[in-house]
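If you read the sequences in order, they're chains A and W. 1 is the number of the first residue of the first sequence in this note's numbering; add one for each residue after it. 1001 is the number of the first residue of the second sequence in this note's numbering; add one for each residue after it. Glycine residues also receive a C-beta, built at the ideal position from the N, C-alpha and C atoms. A quick write-up on the structure given underneath.
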Amino acid sequence: MPRRERRSVVAVEAVGPYVLVRLERGGLDPGTPGQFFMLEAPGRLLPRALSLCLAPPGELAFLLDVVGPGTAALAALEPGDAIHVFGPLGNGFQLAVERPLLVGGGIGMAPLPYLAEALPGAPVVLGFRSERHAEAAALLPGAEVVVEPTFVTEVIDTARDVLACGPEPMLHAVAELCPDAQLAWEAPMACGYGACYGCAVEIDGELKRLCVEGPVLAA
Amino acid sequence: MRLLNASGCLDALVAPDVARQLDGFVTKTITPLPREGNAPPRIAETAHGMLNAIGLANPGRERFLDDTLPRLRELALPLWISVGGFCAADYAETCAALDDVAAIELNLSCPNVDEAADGAAEIVAACRAMTAIPLYAKLSAAHPDVAAVATAVADAGADGLSLVNTLRGCALDPRTLQPLLARTTGGLSGPSLKPIALATVHACYAATQLPVVGMGGVTTGQDVLELVACGARDVALGTILFSDPDAPSRVRAELAEAAARVGVAGPDDVHAVAHDPDRTPPRERSVTA
């Protein structure tokens, strides 16, 4: 069940160009890989939706890319600061798959470390736009890493059960190759729990709320 | 004083625990035909508020009555049905199809769809002819003389007013200098709306003395107290529900403290005091004396 709690920051660490925000877990349930949490961004009106990256004992960790004032506020947190955290929310990945292959693109790799823990031994393919961004692959030892101009779609085994998260063009390309893939999408969200209707995306030919129907959807 | 949600700011079927913290649930606006709503992106954060351009996404009257409404009734909460349309007959037909609900809120002021061709008073009169259910007219502060509109809808048979809807605004991507919303503009809500809500409630209450549901930028119990002081009988929470699903309970607790601070038992004791300097609450009066 989702809960909203005020949690303390344990650490904020650079991972290549990205930032890993580690919070005390408190009474929050880490949920299923692919689910997300709404994190209060200090000084901003709206919280930010982030999928859980890692769930070490007593902690919840979120990987983010600083793209605007909200993520900048989260990246500027310091140990001991406290923020409201609400989750887990949405629908995560279905884990009952026979031959999983985890595919991540850029900051879309965020949910994969936690997903990899739930699917031990599953191969991982990560794609990044630069060598600097590819430093984040350190969170997934053993992953096959490609850097542009090579794309993940050039190296994935399409016979596998693909679980993917990444930028929209990547997800569309993966869906073309693997019609049974599970894809984790992103959309601007004000609330994360179905209240604002802001995160509408086209699902089955209709605009639906990603936070309610997803963020993980069948291809 | 009842604490409600602002229309379009909560889905009671998805979040019943949030709805149950309220004294009534206001639905998203229902139109005669289903509406998908506007293309994404539909929301953007601004410095002290947010913009939305949802565009009245709703299942349409028929599916609402057959499917949504029966499920909402199971929550056993007073239901306020927000009704929208594109001409007076649209509104009136939906009103005629409703019974056994606490109130109907006529959305006469959505900034994200083309406006109804008919005037607010005409729509209210058409609805009044079709239903005895309490009718609240939701108006926009963008009208140059909203108190005159309030008076007109009161004369047309409105039982109350919902004040205020969002105001049209725009936000640009700082890098591309293009609008962040697909529709270019959206309705501004959040804390930046509060002074406008206070002014509008004050003016419309003074003009009509009708019961008012006050809303616009309510974040704390103090905000509720101030809207009531301007003339609101009830208060609705909007954007704050997005960032804080526990807001109804928190705001209620803060409201009790805010009332105690000014020396009254509850918000009803300060209803419309902002219209009369002689009614300054007891705590402040004794300090001044």
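Exposure label - residue i; buried when at least 16 CB within 10 Å
{"i": "valine 124 of chain A", "result": "buried"}
{"i": "alanine 1012 of chain W", "result": "buried"}
{"i": "threonine 150 of chain A", "result": "exposed"}
{"i": "isoleucine 1176 of chain W", "result": "Note on identity: in this sequence residue 1176 of chain W is threonine, with isoleucine being the wrong assignment. Threonine 1176 of chain W should be labelled exposed."}
{"i": "tyrosine 18 of chain A", "result": "buried"}
{"i": "arginine 1061 of chain W", "result": "buried"}
{"i": "glycine 1169 of chain W", "result": "buried"}
{"i": "valine 155 of chain A", "result": "exposed"}
{"i": "alanine 1289 of chain W", "result": "Annotation note: pLDDT 45 at alanine 1289 of chain W (below 50); position unreliable, no value reported."}
{"i": "alanine 1096 of chain W", "result": "exposed"}
{"i": "valine 67 of chain A", "result": "exposed"}
{"i": "leucine 140 of chain A", "result": "buried"}
{"i": "glutamine 35 of chain A", "result": "buried"}
{"i": "serine 1007 of chain W", "result": "buried"}
{"i": "threonine 1184 of chain W", "result": "exposed"}
{"i": "arginine 4 of chain A", "result": "buried"}
{"i": "proline 120 of chain A", "result": "exposed"}
{"i": "proline 2 of chain A", "result": "buried"}
{"i": "histidine 1048 of chain W", "result": "exposed"}
{"i": "histidine 1202 of chain W", "result": "buried"}
{"i": "leucine 1172 of chain W", "result": "exposed"}
{"i": "histidine 1275 of chain W", "result": "exposed"}
{"i": "serine 51 of chain A", "result": "buried"}
{"i": "glycine 142 of chain A", "result": "exposed"}
{"i": "leucine 1033 of chain W", "result": "exposed"}
{"i": "glutamate 13 of chain A", "result": "exposed"}
{"i": "alanine 159 of chain A", "result": "exposed"}
{"i": "alanine 110 of chain A", "result": "buried"}
Interface residues of chain W facing residue i [CB-CB closer than 9 Å]
{"i": "glutamate 206 of chain A", "result": "Glu1036"}
{"i": "phenylalanine 36 of chain A", "result": "Those within 9 Å of phenylalanine 36 of chain A in chain W number zero; the least Cβ separation is about 15 Å."}
{"i": "valine 221 of chain A", "result": "No answer is possible for residue 221 of chain A: the residues shown for chain A start at 1 and end at 219."}
{"i": "valine 201 of chain A", "result": "Pro1040"}
{"i": "alanine 190 of chain A", "result": "Ile1043, Glu1045, Met1050, Asn1052, Thr1239, Phe1242, Ser1243"}
Proximity to residue i [Cα-Cα], best of the options
{"i": "proline 1078 of chain W", "options": "W/Asp1067, W/Arg1061, W/Ile1104", "result": "W/Ile1104"}
{"i": "glutamate 202 of chain A", "options": "A/Glu168, A/Tyr193, A/Cys191", "result": "A/Glu168"}
{"i": "methionine 1215 of chain W", "options": "W/Asp1223, W/Thr1208, W/Gln1209", "result": "W/Asp1223"}
{"i": "proline 1211 of chain W", "options": "W/Glu1254, W/Arg1035, W/Ala1092, W/Val1153", "result": "W/Val1153"}
{"i": "glycine 1266 of chain W", "options": "W/His1143, W/Leu1098, W/Pro1282", "result": "W/Pro1282"}
{"i": "threonine 1029 of chain W", "options": "W/Ala1015, W/Thr1219, W/Met1001, W/Phe1064", "result": "W/Phe1064"}
{"i": "valine 1213 of chain W", "options": "W/Ala1253, W/Val1273, W/Val1228, W/Ala1199", "result": "W/Val1228"}
{"i": "serine 1192 of chain W", "options": "W/Gly1084, W/Val1273, W/Ile1240, W/Gly1217", "result": "W/Gly1217"}
{"i": "leucine 171 of chain A", "options": "A/Cys199, A/Ala219, A/Val12", "result": "A/Ala219"}
{"i": "aspartate 29 of chain A", "options": "A/Ala82, A/Leu89, A/Ala72", "result": "A/Leu89"}
{"i": "arginine 6 of chain A", "options": "A/Ala116, A/Ala184, A/Pro215, A/Asp81", "result": "A/Asp81"}
{"i": "lysine 1138 of chain W", "options": "W/Ala1088, W/Thr1068, W/Gly1084, W/Thr1094", "result": "W/Gly1084"}
{"i": "leucine 1072 of chain W", "options": "W/Ala1158, W/Ser1162, W/Pro1016", "result": "W/Pro1016"}
Interface residues of chain W facing residue i [CB-CB closer than 7 Å]
{"i": "alanine 195 of chain A", "result": "Cys1009, Leu1010, Asp1011, Ala1015, Leu1241, Phe1242"}
Under 7 Å by beta carbon: chain A residues contacting residue i
{"i": "threonine 1234 of chain W", "result": "In the sequence under discussion, the amino acid at residue 1234 of chain W is aspartate, which differs from the threonine named in the question. Going along chain A, no residue has its Cβ under 7 Å from aspartate 1234 of chain W, so there is no contact; the nearest lies around 20 Å."}
{"i": "aspartate 1246 of chain W", "result": "Arg4"}
beta-carbon residue i near the ligand NAD non-hydrogen atom, thresh 7 Å
{"i": "glutamate 1254 of chain W", "result": "Among the components of this structure there are no ligands whatsoever, and the ligand NAD is therefore not found."}
Per-residue contacts from residue i into chain A (C-beta, under 8 Å)
{"i": "glycine 1190 of chain W", "result": "Leu45"}
{"i": "proline 1057 of chain W", "result": "The amino acid occupying residue 1057 of chain W in the given sequence is alanine; proline does not appear at that position. The answer, in chain order, is Tyr197, Ala200, Leu207."}
Proximal chain W residues relative to residue i, where beta-carbon distance stays under 8 Å
{"i": "phenylalanine 86 of chain A", "result": "Pro1245"}
Could you tell me which whole beta strand (DSSP E) segments of length 3 or greater appear in the stretch 1224-1282 of chain W? 1234-1237
List in chain order: all unbroken alpha helix (DSSP H) runs of 4+ residues lying wholly within the stretch 1088-1149 of chain W. 1088-1096, 1120-1128
As an exercise, report each continuous alpha helix (DSSP H) stretch of at least 4 residues that is fully enclosed by the stretch 124-190 of chain A, in chain order. 131-134, 168-177
Taking beta-carbon pairs under 9 Å, can you tell me which members of the stretch 58-79 of chain A lie near chain W? Gly68, Pro69, Gly70
Whole beta strand (DSSP E) runs in the stretch 22-85 of chain A with 3 or more residues, listed along the chain? 36-39, 48-51, 59-64
Chain W contacts from the stretch 157-189 of chain A (Cβ-Cβ distance under 7 Å): Ala187, Pro188
Let me know the alpha helix (DSSP H) ranges lying completely inside the stretch 1155-1209 of chain W, each 4 residues or longer, listed in chain order. 1194-1208
Which full runs of the beta strand (DSSP E) of 3+ residues lie inside the stretch 1035-1093 of chain W, going along the chain? 1043-1046, 1049-1052, 1079-1083
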